[in-house]
Amino acid sequence: MDETSFYSFLNIFLLENSGAEDQTEDIRCTADEIRHIEKELGVILPQHYKTFLERINFFRPINIFRFGKADNIFDENDRARDFLAEDLVAFADNGCGDYYCFRIENGRATDEVLISFHDVESLEHAADDFYSFVVAQLESFH
């Protein structure tokens, strides 16, 4: 899905779901903040995800970790290290202790979204890219 289609879909979702606009916060990341995230995590993040951080950064219908005062993207990755493979970086969770992640290859996160299950320490494909992941999550609300 391209960027224009993704943000059109997101806007339609917000309009069709009463109160959903209250589920976002205007705490967008700057390019400098994204570089800081990448430096601290030690990985170049996928472009779709970085664009999301610049345009939205936090979206409650899906528990995408925010970057800001709480810096919970760092806290959550530290918390997940007990079971999360070293070649993964978490960006969201499913509320049950499982993490949505990107795989790290040669210092860069791949576009593919994976889910790492904490209780069985297994890893499965969740989506081809970040935009597809968000769309699939939001479509499951209907």
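Its first residue numbered 46, the sequence shown is counted upward by one per residue in the numbering used here. Think of the CB as a built atom: it goes at the ideal place given N, C-alpha and C, for glycine as much as any other residue. Note that the structure is predicted; figures quoted are calculated from it, not measured.
Notebook entry, point to check: Touch check for the segment 89–99 and the segment 144–155: three-plus C-beta pairs under 8 Å?
Noted result: yes
Check: How would you write the range of the alpha helix (DSSP H) that Ala77 sits in, first residue to last?
Finding: Inspection of the sequence shows that residue 77 is occupied by Asp rather than by Ala. Here the alpha helix (DSSP H) through Asp77 covers 76–86.
Notebook entry, point to check: Does the Cβ of Asn122 have 16 or more other Cβ atoms within 10 Å, making it buried, or fewer, making it exposed?
Noted result: buried
Margin query: Checking the sheet assignment: what are the DSSP bridge partners for Ala135?
Written below: Cys146
Margin query: Can you look up Val165 in the DSSP assignment and give me helix, strand or coil?
Written below: coil
Note to self: On the DSSP bridge list, what partners appear for Arg153?
What the structure shows: Ile89, Glu150
Checklist line | Close-in-space but distant-in-sequence residues of the same chain around Met46 (CB under 8 Å, 5 per side omitted) | finding: Phe54, Asp174, Tyr176, Ser177, Val180
Next item on the list: Name the residue from Asn56, Thr96, Glu99, Asp120 whose alpha carbon lies nearest to the alpha carbon of Glu85.
Entry: Asp120
Next item on the list: Could you work out which residue in His81, Thr75, Ile82, Ile118 is closest to Glu99 when comparing CA atoms only?
Entry: Thr75
Checklist line | Simplified DSSP assignment, three categories, for Ala171 | finding: strand
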